[in-house]
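Below: the structure, in structure tokens.
In our numbering, the protein residues as written are 89 to 659.
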């Protein structure tokens, strides 16, 4: 403590921007902590900065009590009086100074003579050595870090949600960028960087302050270049109407680095919100585009009517017709054939951003495809008993131009259309529902067929062509094949070959027993039942013989449903 503390406090406080009272408190805590480590944790020791003497004074606290519980803290009233403390009573506290500085060695020796047995401390023989100095240093550094963190947090906590400018300092191992904000460091995580932007140390960067948090070591300020709010803040800089609240950016849908759609609204009829954002000769929007490294920006006028808003959002593609299904929050957008690719955009970008911006599920359909869908629906309805073609055309005209739309509508709604009536409405809705159920069942059957063919190929080592031949021959799945015991019949039906057929039958038996579908005895009996049914029942098919076997031995399923969910174990 040879240095003048007052000068150190002023210098460090000025350089670090830390209040002097915080530094003084830090010194007091550091000295008290180091003293307890040297003199013992059982002592009550406090440190105080004496501004007049420009030093940190150390005191041990003694408690006057009737009973001694802690010999390093408690003293009796008699001992207190014997050592010259004549004006104290039970319960009083005494502060006895500990002299620890080298220049106070004489005073320390005198204190040991007078109060050594009372303090149980020979301060003259002790000093703050390497351990104590290191402890004090660690405490000071820790408190300094905490103070700096508090300063950074307090300085930037109110800047969350704002734009901030800094300089790229370095790259972190995980791809994040450390940004120098002059008096603080910020982090631009990899996930918050746009894929088409690259930076080098020393580059200037403008970013959105996404979060300001308290942290021990990591930067407390988290930045973003991908946040939609970044676009809003950039437009606020270039468009005074937005900053003044006349023009509002209501929604933003963004694919960072590629394209952004912005929905704007004006509270004054004489102010064009799109024009306010575009600016004279596009200067305003181009300034934003340049800052976003040529990210394309579509400025969309907001409209309270969902269909109009969606049509605005899908621009530059033109929409010829909109079909709305409010129950599913979806819209079918019918566009001219030459506008289809434009409406969808590269990789579905345009329609995807339009859906995000509007909050509606959007399906883009060309006019030619829409006509095909209507013709398919009409043919299906006519072939299932709907004789009045004009009723179907009327539904199509009113927007019910898909079987799904007809099947899900309330018949009472259609019955109100002139020329329908409740009976026709119920018949048409029921017919559409029936057609959809048949289609769904057909799709389900095809999925089952594909799955069974895949199983035949995987488990038996067949080619896709051979697996299809087995399926067409009536061996629809392994459960039927397990029961086959006649090599000649198997070869005749599938063309697998006279030599291959017996091997395959043996392989099937091994699979059935290993997978515990049957025991060896059960499989032999089941195969005998299956063979007998084929020979004794006239024109018996493989499936009929299988059903007869199931009636006697019960149904055995392989693979089980959990096999499909968890994946098959490799043999």
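Note that CB positions come from ideal geometry on N, CA and C, so glycine has one too.
Neighbourhood of residue i by C-beta distance below 8 Å, restricted to the same chain and skipping five residues each side
{"i": "residue 497", "result": "488, 517"}
{"i": "residue 344", "result": "282, 283, 313, 314, 383"}
{"i": "residue 689", "result": "Lying before the first or after the last residue shown, residue 689 is absent from the chain, which here runs from 89 to 659."}
{"i": "residue 552", "result": "541, 545"}
{"i": "residue 650", "result": "In this prediction, residue 650 scores a pLDDT of 42, lower than 50, which makes its location untrustworthy; the coordinate-derived value is nonetheless stated afterwards. Taken in chain order, the list of residues that qualify is empty."}
{"i": "residue 144", "result": "89, 93, 115, 116, 119, 135, 136, 137, 138"}
Through-space distance from residue j to residue i, alpha-carbon basis
{"i": "residue 439", "j": "residue 111", "result": "59 Å"}
{"i": "residue 328", "j": "residue 441", "result": "26 Å"}
{"i": "residue 338", "j": "residue 464", "result": "41 Å"}
{"i": "residue 586", "j": "residue 599", "result": "21 Å"}
{"i": "residue 321", "j": "residue 375", "result": "12 Å"}
{"i": "residue 212", "j": "residue 203", "result": "In this prediction, residue 212 has a pLDDT of 45, which is less than 50 and means its spatial position is unreliable; what the coordinates show is noted afterwards. Approximately 12 Å between the Cα atoms of the pair."}
{"i": "residue 462", "j": "residue 365", "result": "42 Å"}
{"i": "residue 174", "j": "residue 168", "result": "7 Å"}
{"i": "residue 171", "j": "residue 114", "result": "33 Å"}
{"i": "residue 373", "j": "residue 360", "result": "14 Å"}
{"i": "residue 97", "j": "residue 108", "result": "6 Å"}
{"i": "residue 199", "j": "residue 186", "result": "8 Å"}
{"i": "residue 150", "j": "residue 127", "result": "14 Å"}
{"i": "residue 481", "j": "residue 459", "result": "12 Å"}
{"i": "residue 623", "j": "residue 457", "result": "53 Å"}
{"i": "residue 336", "j": "residue 392", "result": "14 Å"}
{"i": "residue 118", "j": "residue 226", "result": "8 Å"}
{"i": "residue 217", "j": "residue 136", "result": "Low confidence applies here, because residue 217 scores a pLDDT of 47, under 50, leaving its location unreliable; read the following figure in that light. Going from the Cα of residue 217 to the Cα of residue 136 covers about 20 Å."}
{"i": "residue 241", "j": "residue 358", "result": "43 Å"}
{"i": "residue 422", "j": "residue 399", "result": "11 Å"}
Beta-carbon separation (whole angstroms), residue i vs residue j, contact threshold 8 Å
{"i": "residue 633", "j": "residue 618", "result": "5 Å"}
{"i": "residue 425", "j": "residue 454", "result": "5 Å"}
{"i": "residue 139", "j": "residue 120", "result": "So it is not a contact: roughly 18 Å between Cβ atoms."}
{"i": "residue 446", "j": "residue 397", "result": "6 Å"}
{"i": "residue 298", "j": "residue 280", "result": "7 Å"}
{"i": "residue 568", "j": "residue 556", "result": "That belief does not hold up - the Cβ atoms of residue 568 and residue 556 are roughly 15 Å apart, past 8 Å."}
{"i": "residue 548", "j": "residue 595", "result": "7 Å"}
{"i": "residue 499", "j": "residue 510", "result": "6 Å"}
{"i": "residue 519", "j": "residue 469", "result": "6 Å"}
{"i": "residue 606", "j": "residue 577", "result": "Not quite, the Cβ-Cβ distance comes to about 20 Å (not below 8 Å), so this is no contact."}
{"i": "residue 411", "j": "residue 420", "result": "4 Å"}
{"i": "residue 451", "j": "residue 418", "result": "7 Å"}
{"i": "residue 437", "j": "residue 368", "result": "Actually they do not touch by this definition, with Cβ atoms about 29 Å apart."}
Secondary structure of residue i, DSSP reduced to three states
{"i": "residue 213", "result": "Bear in mind that the predicted position of residue 213 carries a pLDDT of just 48, short of 50, making it too unreliable to give a figure here."}
{"i": "residue 646", "result": "coil"}
{"i": "residue 454", "result": "strand"}
{"i": "residue 187", "result": "coil"}
{"i": "residue 547", "result": "helix"}
{"i": "residue 203", "result": "helix"}
{"i": "residue 152", "result": "strand"}
{"i": "residue 197", "result": "helix"}
{"i": "residue 96", "result": "helix"}
{"i": "residue 363", "result": "helix"}
{"i": "residue 384", "result": "strand"}
{"i": "residue 316", "result": "helix"}
{"i": "residue 346", "result": "coil"}
{"i": "residue 282", "result": "coil"}
{"i": "residue 147", "result": "strand"}
{"i": "residue 640", "result": "helix"}
{"i": "residue 135", "result": "strand"}
{"i": "residue 102", "result": "helix"}
Under 8 Å between C-beta atoms of residue i and residue j
{"i": "residue 604", "j": "residue 641", "result": "no"}
{"i": "residue 502", "j": "residue 513", "result": "yes"}
{"i": "residue 562", "j": "residue 629", "result": "yes"}
{"i": "residue 444", "j": "residue 341", "result": "yes"}
{"i": "residue 188", "j": "residue 146", "result": "yes"}
{"i": "residue 537", "j": "residue 559", "result": "yes"}
{"i": "residue 254", "j": "residue 269", "result": "yes"}
{"i": "residue 207", "j": "residue 148", "result": "yes"}
{"i": "residue 289", "j": "residue 319", "result": "no"}
{"i": "residue 387", "j": "residue 362", "result": "yes"}
{"i": "residue 251", "j": "residue 287", "result": "no"}
{"i": "residue 571", "j": "residue 637", "result": "yes"}
Cut-off 6 Å between Cβ atoms - residues of its own chain near residue i, not counting five sequence neighbours on either side
{"i": "residue 277", "result": "264"}
{"i": "residue 153", "result": "162"}
{"i": "residue 244", "result": "300, 309"}
Sequence-distant residues of the same chain with beta carbon closer than 7 Å to residue i, five excluded per side
{"i": "residue 490", "result": "461, 465"}
{"i": "residue 294", "result": "251, 253, 379"}
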